[in-house]
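A quick write-up on the structure given underneath.
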Amino acid sequence: NFIRNSEEIENARRSGQILTQVLDKLEKSIKPGVTAKQLDKIAKDETERLGGKPAFLGYQGFPAHLCVSVNNEIVHGIPTDKEIKQGDLVGIDYGVNYGGMITDAARTVSVGKPSQDSKKLIEGCFEALQKALDTVKDGAKVGDVSSIIEHTLNQYGLKAIYSLTGHGVGKQLHEDPLIPNYGKAGSGEELKAGMTIAIEPIASIGTHDLYLADDGWTYMTRDGSLSAQFENTVLVTEDGCEVLAS
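Counting in the numbering used here, the final residue of the sequence shown is number 246, and the numbers go up one at a time with none missing.
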(Lines of atoms letter the chains of each structure in order from A and count residues from 1; the text may use other names and numbers.)
(Lines give C-alpha, C1' and ligand atoms only; values in the text may rest on other atoms or scores of the structure.)
Protein backbone atom coordinates (compact mmCIF):
# COMPACT_ATOMS: atom_id res chain seq x y z
CA ASN A 1 0.00 0.00 0.00
CA PHE A 2 1.66 3.20 -1.19
CA ILE A 3 -0.81 5.63 0.43
CA ARG A 4 1.14 7.51 3.11
CA ASN A 5 -0.15 8.15 6.62
CA SER A 6 0.17 11.57 8.26
CA GLU A 7 3.45 10.75 10.03
CA GLU A 8 5.01 9.47 6.80
CA ILE A 9 3.85 12.60 4.98
CA GLU A 10 5.42 14.84 7.65
CA ASN A 11 8.71 12.93 7.40
CA ALA A 12 8.59 13.09 3.59
CA ARG A 13 8.06 16.86 3.82
CA ARG A 14 11.12 17.28 6.04
CA SER A 15 13.12 14.92 3.84
CA GLY A 16 12.20 17.04 0.82
CA GLN A 17 13.06 20.32 2.57
CA ILE A 18 16.53 18.97 3.39
CA LEU A 19 17.00 17.70 -0.17
CA THR A 20 15.96 21.01 -1.74
CA GLN A 21 18.36 22.94 0.53
CA VAL A 22 21.21 20.57 -0.38
CA LEU A 23 20.51 21.00 -4.12
CA ASP A 24 20.45 24.80 -3.65
CA LYS A 25 23.89 24.64 -2.03
CA LEU A 26 25.24 22.27 -4.70
CA GLU A 27 23.97 24.47 -7.52
CA LYS A 28 25.81 27.48 -6.05
CA SER A 29 28.96 25.33 -5.74
CA ILE A 30 29.09 24.21 -9.40
CA LYS A 31 31.88 26.30 -10.94
CA PRO A 32 34.82 25.68 -13.27
CA GLY A 33 37.56 23.79 -11.39
CA VAL A 34 35.25 22.11 -8.89
CA THR A 35 35.28 18.31 -8.97
CA ALA A 36 32.26 16.06 -8.70
CA LYS A 37 33.93 14.43 -5.66
CA GLN A 38 33.93 17.81 -3.91
CA LEU A 39 30.21 18.18 -4.69
CA ASP A 40 29.63 14.69 -3.30
CA LYS A 41 31.24 15.71 0.01
CA ILE A 42 29.17 18.92 0.18
CA ALA A 43 25.99 16.87 -0.33
CA LYS A 44 26.88 14.41 2.44
CA ASP A 45 28.01 17.06 4.95
CA GLU A 46 25.05 19.36 4.34
CA THR A 47 22.53 16.51 4.60
CA GLU A 48 23.96 15.34 7.91
CA ARG A 49 24.10 18.92 9.22
CA LEU A 50 20.38 19.27 8.47
CA GLY A 51 19.53 15.96 10.19
CA GLY A 52 18.95 13.73 7.18
CA LYS A 53 20.74 10.72 5.72
CA PRO A 54 21.98 10.38 2.12
CA ALA A 55 19.73 7.82 0.37
CA PHE A 56 21.85 6.73 -2.62
CA LEU A 57 25.04 5.48 -0.93
CA GLY A 58 25.11 1.69 -1.15
CA TYR A 59 21.82 1.48 -3.06
CA GLN A 60 22.32 -1.68 -5.17
CA GLY A 61 26.01 -1.05 -4.50
CA PHE A 62 26.18 2.58 -5.67
CA PRO A 63 29.55 3.87 -4.39
CA ALA A 64 28.76 7.57 -3.77
CA HIS A 65 26.24 9.92 -2.12
CA LEU A 66 25.43 12.01 -5.19
CA CYS A 67 25.00 11.35 -8.91
CA VAL A 68 26.83 13.89 -11.10
CA SER A 69 26.28 13.47 -14.84
CA VAL A 70 28.10 15.78 -17.26
CA ASN A 71 27.22 16.54 -20.91
CA ASN A 72 26.50 13.22 -22.69
CA GLU A 73 26.27 11.34 -19.37
CA ILE A 74 22.52 10.98 -18.80
CA VAL A 75 22.17 9.76 -15.20
CA HIS A 76 23.92 7.88 -12.37
CA GLY A 77 27.35 9.42 -12.95
CA ILE A 78 29.78 8.44 -10.19
CA PRO A 79 31.64 11.49 -8.83
CA THR A 80 35.33 11.55 -9.77
CA ASP A 81 38.27 13.97 -9.42
CA LYS A 82 37.77 15.28 -12.96
CA GLU A 83 37.22 19.04 -12.88
CA ILE A 84 34.03 20.65 -14.15
CA LYS A 85 34.73 23.05 -17.02
CA GLN A 86 33.23 26.25 -18.39
CA GLY A 87 30.43 25.34 -20.80
CA ASP A 88 29.68 21.93 -19.20
CA LEU A 89 26.10 20.82 -18.71
CA VAL A 90 25.97 19.28 -15.22
CA GLY A 91 23.17 17.13 -13.84
CA ILE A 92 22.95 16.62 -10.08
CA ASP A 93 20.60 13.92 -8.78
CA TYR A 94 20.26 13.28 -5.05
CA GLY A 95 18.14 11.51 -2.46
CA VAL A 96 17.56 12.06 1.25
CA ASN A 97 16.14 9.75 3.91
CA TYR A 98 14.48 11.39 6.91
CA GLY A 99 12.53 9.33 9.44
CA GLY A 100 12.38 6.40 7.03
CA MET A 101 10.96 8.44 4.14
CA ILE A 102 13.03 9.01 1.01
CA THR A 103 12.72 11.92 -1.44
CA ASP A 104 14.55 12.12 -4.76
CA ALA A 105 15.21 15.20 -6.92
CA ALA A 106 17.49 16.40 -9.72
CA ARG A 107 18.49 19.56 -11.57
CA THR A 108 20.62 20.30 -14.59
CA VAL A 109 22.73 23.46 -14.70
CA SER A 110 24.96 25.07 -17.29
CA VAL A 111 28.41 26.18 -16.17
CA GLY A 112 28.66 29.68 -17.58
CA LYS A 113 26.72 30.76 -20.65
CA PRO A 114 24.81 27.77 -22.04
CA SER A 115 25.14 26.66 -25.66
CA GLN A 116 21.96 26.68 -27.73
CA ASP A 117 21.53 22.92 -27.19
CA SER A 118 22.13 23.23 -23.43
CA LYS A 119 19.57 26.03 -23.21
CA LYS A 120 17.02 24.00 -25.14
CA LEU A 121 17.53 20.96 -22.88
CA ILE A 122 17.30 22.92 -19.64
CA GLU A 123 14.21 24.86 -20.73
CA GLY A 124 12.48 21.86 -22.34
CA CYS A 125 13.02 19.40 -19.49
CA PHE A 126 12.10 22.01 -16.87
CA GLU A 127 8.90 22.96 -18.71
CA ALA A 128 8.02 19.28 -19.21
CA LEU A 129 8.30 18.81 -15.45
CA GLN A 130 6.12 21.85 -14.66
CA LYS A 131 3.42 20.72 -17.10
CA ALA A 132 3.57 17.19 -15.67
CA LEU A 133 3.06 18.56 -12.15
CA ASP A 134 -0.04 20.41 -13.40
CA THR A 135 -1.59 17.10 -14.51
CA VAL A 136 -1.02 15.23 -11.22
CA LYS A 137 -4.06 14.79 -8.99
CA ASP A 138 -6.19 12.10 -7.39
CA GLY A 139 -7.65 9.97 -10.18
CA ALA A 140 -5.22 11.06 -12.92
CA LYS A 141 -3.55 8.26 -14.86
CA VAL A 142 0.19 7.72 -15.19
CA GLY A 143 -0.28 8.04 -18.96
CA ASP A 144 -1.65 11.58 -18.51
CA VAL A 145 1.65 12.58 -16.89
CA SER A 146 3.80 10.62 -19.38
CA SER A 147 2.06 12.00 -22.46
CA ILE A 148 2.35 15.66 -21.44
CA ILE A 149 6.09 15.15 -20.76
CA GLU A 150 6.58 13.57 -24.20
CA HIS A 151 4.50 16.26 -25.92
CA THR A 152 6.46 19.10 -24.27
CA LEU A 153 9.84 17.53 -25.05
CA ASN A 154 8.73 17.08 -28.67
CA GLN A 155 7.79 20.78 -28.87
CA TYR A 156 11.41 21.59 -27.98
CA GLY A 157 12.75 19.07 -30.49
CA LEU A 158 14.11 16.88 -27.68
CA LYS A 159 14.20 13.09 -27.45
CA ALA A 160 12.81 11.45 -24.31
CA ILE A 161 15.11 8.72 -23.00
CA TYR A 162 12.77 5.76 -23.29
CA SER A 163 14.28 3.35 -20.78
CA LEU A 164 14.66 5.77 -17.82
CA THR A 165 11.51 6.62 -15.87
CA GLY A 166 10.04 8.43 -12.92
CA HIS A 167 8.77 6.23 -10.11
CA GLY A 168 7.07 5.93 -6.77
CA VAL A 169 9.37 6.85 -3.88
CA GLY A 170 9.01 6.66 -0.11
CA LYS A 171 10.10 3.75 2.08
CA GLN A 172 12.26 2.60 -0.84
CA LEU A 173 14.09 4.70 -3.40
CA HIS A 174 12.21 3.03 -6.26
CA GLU A 175 8.62 1.87 -5.82
CA ASP A 176 5.62 1.44 -8.09
CA PRO A 177 4.27 3.00 -10.21
CA LEU A 178 6.80 3.54 -12.99
CA ILE A 179 6.25 6.90 -14.71
CA PRO A 180 7.75 6.86 -18.22
CA ASN A 181 8.58 10.07 -20.09
CA TYR A 182 6.40 9.06 -23.04
CA GLY A 183 2.96 7.49 -23.25
CA LYS A 184 -0.71 7.76 -23.97
CA ALA A 185 -3.10 9.96 -21.98
CA GLY A 186 -5.76 7.98 -20.13
CA SER A 187 -3.63 4.82 -19.91
CA GLY A 188 -1.72 3.25 -17.04
CA GLU A 189 -2.11 3.14 -13.29
CA GLU A 190 -4.35 5.58 -11.43
CA LEU A 191 -2.71 8.07 -9.08
CA LYS A 192 -4.31 8.37 -5.65
CA ALA A 193 -4.16 11.08 -3.00
CA GLY A 194 -1.48 10.20 -0.44
CA MET A 195 0.98 8.65 -2.91
CA THR A 196 4.52 10.08 -3.09
CA ILE A 197 6.04 9.95 -6.56
CA ALA A 198 9.16 11.20 -8.35
CA ILE A 199 8.54 12.70 -11.78
CA GLU A 200 11.68 13.12 -13.86
CA PRO A 201 11.78 14.23 -17.50
CA ILE A 202 15.07 13.01 -19.01
CA ALA A 203 15.91 13.87 -22.60
CA SER A 204 18.75 14.27 -25.07
CA ILE A 205 19.34 16.42 -28.12
CA GLY A 206 19.79 13.52 -30.52
CA THR A 207 18.59 10.09 -29.40
CA HIS A 208 16.08 8.06 -27.38
CA ASP A 209 18.79 5.43 -26.78
CA LEU A 210 21.52 4.93 -24.21
CA TYR A 211 24.32 2.59 -23.27
CA LEU A 212 25.96 1.75 -19.96
CA ALA A 213 29.53 3.00 -19.45
CA ASP A 214 32.34 0.72 -18.28
CA ASP A 215 31.88 1.83 -14.65
CA GLY A 216 28.62 -0.18 -14.60
CA TRP A 217 26.56 2.82 -13.48
CA THR A 218 26.74 5.83 -15.79
CA TYR A 219 24.23 5.87 -18.64
CA MET A 220 25.47 7.69 -21.76
CA THR A 221 23.61 8.90 -24.84
CA ARG A 222 24.03 6.41 -27.68
CA ASP A 223 25.08 9.16 -30.12
CA GLY A 224 27.20 11.25 -27.72
CA SER A 225 24.70 14.14 -27.68
CA LEU A 226 23.99 16.29 -24.62
CA SER A 227 21.27 15.29 -22.16
CA ALA A 228 19.45 16.77 -19.16
CA GLN A 229 17.20 15.72 -16.28
CA PHE A 230 14.90 17.54 -13.87
CA GLU A 231 13.15 15.66 -11.06
CA ASN A 232 10.78 16.55 -8.22
CA THR A 233 9.24 14.37 -5.52
CA VAL A 234 5.57 15.23 -5.02
CA LEU A 235 2.68 14.23 -2.81
CA VAL A 236 -0.49 13.51 -4.78
CA THR A 237 -3.45 15.46 -3.31
CA GLU A 238 -7.21 15.47 -4.00
CA ASP A 239 -6.99 18.30 -6.50
CA GLY A 240 -3.32 18.47 -7.50
CA CYS A 241 0.04 17.83 -5.88
CA GLU A 242 2.36 19.26 -3.24
CA VAL A 243 6.00 19.53 -4.30
CA LEU A 244 8.10 17.99 -1.52
CA ALA A 245 11.56 18.14 -3.09
CA SER A 246 12.78 20.16 -6.03
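Beta carbons are placed, not taken as given, at the ideal position from N, Cα and C, and that holds for glycine.
| Item | Value |
| --- | --- |
| Tell me where the beta strand (DSSP E) around leucine 212 begins and ends. | 210-212 |
| Below 8 Å, how does it come out for the region 222-234 and the region 187-206: are there three or more Cβ pairs, yes or no? | yes |
| Give the single residue among Leu153, Ala245, Leu191 whose Cα lies nearest to the Cα of glycine 206. | Leu153 |
| Using the DSSP secondary-structure output, state which residues sit across from aspartate 93 in a beta bridge. | Cys67, Ala106 |
| Compute the beta-carbon to beta-carbon distance between tryptophan 217 and phenylalanine 56, rounded to the nearest angstrom, for a pair I have assumed lies under 8 Å. | So it is not a contact: roughly 11 Å between Cβ atoms. |
| Classify lysine 119: buried if its beta carbon has 16 or more other beta carbons within 10 angstroms, exposed otherwise. | exposed |
| Roughly how many angstroms lie between the CA atoms of glutamine 247 and aspartate 176, to the nearest whole one? | Residue 247 is absent from the structure shown; the chain starts at 1 and stops at 246. |
| With a cut-off of 8 Å, do at least 3 Cβ pairs link the region 179-186 to the region 59-74? | no |
| Given arginine 107, which residues of its chain have a CB within under 7 Å of its CB, disregarding the five upstream and five downstream residues? | Leu23, Glu27, Ile92, Phe230 |
| Please classify proline 180 as buried or exposed, where buried requires at least 16 other C-beta atoms within 10 Å of its C-beta. | buried |
| Mind checking who methionine 220 pairs with in its DSSP beta bridge? | Glu73, Tyr211 |
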